[in-house]
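Residue numbers (this note's numbering), protein chains in the order written: chain A, 1380 to 1958; chain B, 1380 to 1958. Structure first, then comments.
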């Protein structure tokens, strides 16, 4: 310490301490994490497979922070030959768009052996998740939970005595490497339905814990105890209220979640409070998160099934199960009643009824009353040079080798398609039938938004490539929440906006489009950066089902160079010099 | 053209043309190749799997050039998430050590979506191969042939009327991704024996073309024709001489190659001429290449089996087969005699007898009579923190994230272990028994050689970790040929060098160590660069069975920066700036 500092008066020192203290309160703590991403042998559904893990765990460790904290996550790629990134799903990354963790969009993939520091502020309480966003690494098991608590002294708008956290996923026995190649082959090889459903990374293949209670050919599961696939049991006291945080990072499956005999009160969706409503079960799509309150007001001499089952696609996967255990009895006593019956997969009216119950909690920020720009995005399944793809307004997204954030920031020419994709589609497109011309195009163009522009997106569903049906797609927006203004049947038409809910639409980051229907979203382009907006179904994104939004990239500063040093930018940074 | 040039005299123009012409002759042509590396679905042994291919082909395209040509191979990584490199096996890369294609040694892995230009001169005629050198991508199918012809007007020291090229490999149904994880797990999961042996990427699983002629439970193979796994038949005229080029890029298997009823005259080994000798069959280890002459002097009313079978490990894989077809009869007529019997796997005396027949052709450069430095490298199987590894003088090689060529050239501290690994091992080590202390260490240190230093390497084999046996290891040196001075039994001891062959030892780039024996090699450190020297068995290298040689790196110039822009050097090149 210099002589000058030694002479600092007591008063100055006190002021200094108070200032430091205030700084701490206003900025929150910096929480350091070390994430080593690697493949490991693991048996998520009692069958050993290669699984992506973090620090030797699958799913990865739960991150728990307080509003205002800065997370500093040092991600070391311990894979043998693959790059990797992690997306912090639901975190809007204000001021840190380079930390969004989307390969080729917000950053370069972190190459094998290297370490990258994600550093960002968690500015809002809620239930989030994180997952891989490169190739199909999410489906390979690269995911975990991220929970942000209120700042000290703050109170949730609902009461609970305890909480549980459930991360839902689906699992295939065919590796994602093989899945990827099949999706990119002629003839096309679909991944088919998952072998098992996982709750916190645990499921049971080829057996059921409830076999004795159901009409099934599956044998009863037997556990020695301590298996990696044994269910995590929810131990509860009678007559208490529990918050159950539920997030879905499925690759494909839309799920229905229920707890036998118990009502669920929905209070949070995607990190936003909603007007509480009571249901028997919830639909949860890939990318969604919810908090539900469970009151343990049933017979405490029994245990109950917690179940997840497939919705929206003809299921070929048994329910995922765990047990709600009233601590008054043994946890090893299996429930005596069968698990909740998952609603019929194609009962879309029931799904819509659930979705339409979700409204923002009173006091939530309301949407602007008018939009500045409207995109109407037609979702179609197509062929591109014989390859099966998904396209949006006839463009199937292909990612460039230089991240958009860098190429836009540095004004590079030719790093991606200069022409933006269309804002709309042909008025005479028949959404109720297979496309008359199945051929589409590959593209890497970007929708560019002015700073603070209010953008409406109408997601328009349509018939698939052949046959007569239309699939569910959960669309996830990075860098933003959007207001879900409404859902409609058939083709969106003039006048439909009159039915928009501008009063209390829920704020979400993921919203579903139902078969043959449309979904209307609104958001403000107030977050400088480049943001992916895509179907959260892993193989669909792999097949091009997404678009890129860029807003006010000139306002983005302090991007660590190592986030962008690949593709054309690497060549630029290193000056093409010879040594 | 400027006015000045227009006034160039006819004489000057003529001289200019002559100079250009001479330049062309002395420098050779530049041959451009475009290699797109990608995964594809393919059935090498009639069963569909994910295979690494180049430009949609497996194996990759054969490169054919003339001595003095420059190859310019634009390798585009079309993998989804993996990096890649290609090593040009047998090409010494004088002046272009950055083009050797070894990830973390001579260059950074080429990341997905990027293109890297390999540009190097092929300075010597011969039979070579190329293959992946990152993770276990070679075993995944990333390989092909590289053949260098004599310059126009030059003549081989032997006559032949036609030629064939056979690239041998082994194939697993378990993906290399899964193999890799198993090798790096506790408990250790060995890859076991291959499901099939491939000749030019073609084999037959669970059937044999010669089932009717052998004592086997395998059914007879049936082909519709045009299958990816149907054998490539060798069509020959009677009473001609054919050069058969044979190279092995097996992941594990040591092979024996034979053609029913026909003698083989060995004339080339690893791109070097050898004194011709006649044999019934040849042993070929991973990394070896040979040319043999076949004279079609047998009954032209018959066809004959061409066979490869496993040696050196207890085989669990049927022979790989194809057919030598005398064009005098139909190619579809199967041979009526059974395929050549592969010698017993553990008949090492027979293997040694073959190896010891190989001498350099008269006129081949002789080795220096004395060495400047001797390394005695003990090969042991060990445990490192419970993981099963191979170690050399008790160091199991782990590769750093910054390529050695760059970190040495730029004098970086801390990019790899500063301490060189030991030149020798403890004199009292008992090579005939399992290690008394099985524990070893991970290391990334380098053996540094002075420019033009003459280096002797004694490779010392030993007993494996448990049980009583010792395995075969084919060691491959990059950037050099070495003289194989001799083979011996037991532990190398003072006086053994008196038995060295300094008169006509063969020049090779790959040499085997036999169980419990030693092999002595000599080379001159006359090629500035950093060179891997390792067991060519893919899982053994993955388990650390290699060392790094560096020589006169200060003399290396003109390294393209994009070859080195990863790890610490990327950070250095991009100046750690924020944008």
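Ideal Cβ placement from N, Cα and C applies to all residues, glycine included.
Taking the CA atoms as reference points, residue 1575(B) sits about 11 Å from residue 1608(B).
Counting C-beta pairs closer than 8 Å gives fewer than three between the region 1867-1876 of chain A and the region 1678-1694 of chain A, which falls short of the contact rule. Between the region 1751-1763 of chain B and the region 1700-1718 of chain B there are fewer than three C-beta pairs closer than 8 Å, too few to call the two in contact.
Your pair residue 1446(B) and residue 1504(B) checks out as a contact, with CB atoms roughly 5 Å apart and the cut at 8 Å.
With a beta-carbon spacing of about 19 Å, residue 1664(A) and residue 1926(A) fall beyond the 8 Å limit used to define contacts.
Per DSSP, the beta bridge partners of residue 1431(A) are 1418(A). A check of alpha carbon separations from residue 1520(B) across 1433(B), 1811(B) and 1820(B) identifies 1433(B) as the nearest. Contact note: residue 1459(A) reaches chain B through 1514 and 1559, using a C-beta cutoff of 7 Å and chain order.
Relative to the Cα of residue 1725(A), the nearest Cα in the group 1559(A), 1901(A) and 1633(A) belongs to 1633(A). In its own chain, leaving out the 5 sequence neighbours on each side, no residue places its CB closer than 6 Å to the CB of residue 1793(A). Among the bridge pairs identified by DSSP, residue 1739(B) is matched with 1653(B). A direct Cα-to-Cα measurement between residue 1602(A) and residue 1645(A) gives close to 33 Å. Interface with chain A (7 Å Cβ-Cβ cutoff): residue 1429(B) is included. Rounded to whole angstroms, the Cβ separation of residue 1777(A) and residue 1923(A) is 7 Å, and the two are in contact under 8 Å. Contact with chain B is found for residue 1940(A), since one of that chain's Cβ atoms lies less than 7 Å from the residue's Cβ. For the region 1923-1954 of chain A, the set of residues with a beta-carbon nearer than 8 Å to any beta-carbon of chain B comprises 1936, 1937, 1938, 1939, 1940, 1941, 1943, 1944, 1945, 1946, 1949, 1950, 1952, 1953 and 1954, in chain order. Along the region 1485-1501 of chain A, going in chain order, the ones with a CB nearer than 8 Å to a CB of chain B are 1487, 1488, 1490, 1491, 1492 and 1493. Close to chain B, meaning a Cβ-Cβ distance shorter than 8 Å, are the following residues of the region 1531-1558 of chain A: 1554, 1556 and 1557. In the three-state scheme derived from DSSP, where H, G and I count as helix and E and B as strand, residue 1457(B) is classed as coil. Taking 7 Å as the threshold, the shortest C-beta distance from residue 1895(B) to chain A does not fall below it. Its Cα nearest to that of residue 1824(A), the residue 1484(A) stands out among 1450(A), 1484(A), 1718(A) and 1582(A). Between residue 1929(A) and residue 1829(A) the beta-carbon gap is near 11 Å, outside 8 Å, which marks them as no contact.
The continuous beta strand (DSSP E) containing residue 1672(A) extends over residues 1668-1674. Ranked by Cα distance from residue 1921(B), the options 1421(B), 1567(B), 1546(B) and 1812(B) are led by 1567(B). In this structure, DSSP gives residue 1511(A) an extended state, which the three-state scheme calls strand.
Counted as a single uninterrupted DSSP element, the beta strand (DSSP E) harbouring residue 1498(A) occupies residues 1494-1500. Per DSSP, reduced to three states, the secondary structure at residue 1517(B) is coil, with no helix or strand assignment.
Of all residues in the region 1775-1789 of chain A, only 1778, 1779, 1780, 1781, 1785, 1788 and 1789 come within less than 9 Å of chain B when Cβ atoms are compared, listed by chain position. Listed along the chain, the chain A residues whose CB falls inside 8 Å of the CB of residue 1418(B) are 1556, 1559 and 1560.
Within chain B, no residue has its CB atom less than 7 Å from the CB of residue 1908(A), the nearest being about 13 Å off. In this structure, DSSP gives residue 1563(B) a state outside helix and strand, which the three-state scheme calls coil.
Neighbourhood of residue 1564(B) in chain A, by CB distance below 8 Å: 1419 and 1420, in chain order.
Rounded to whole angstroms, the gap between the alpha carbons of residue 1781(B) and residue 1523(A) is 30 Å. No residue range can be given for residue 1765(B), since it is assigned to no alpha helix (DSSP H) and is classified by DSSP as neither H nor E. The region 1668-1718 of chain A is shown to contain whole beta strand (DSSP E) runs of 3 or more residues at 1668-1674, 1682-1690 and 1699-1705, in chain order. Pairing residue 1493(B) with residue 1455(B), the inter-Cα distance amounts to about 6 Å.
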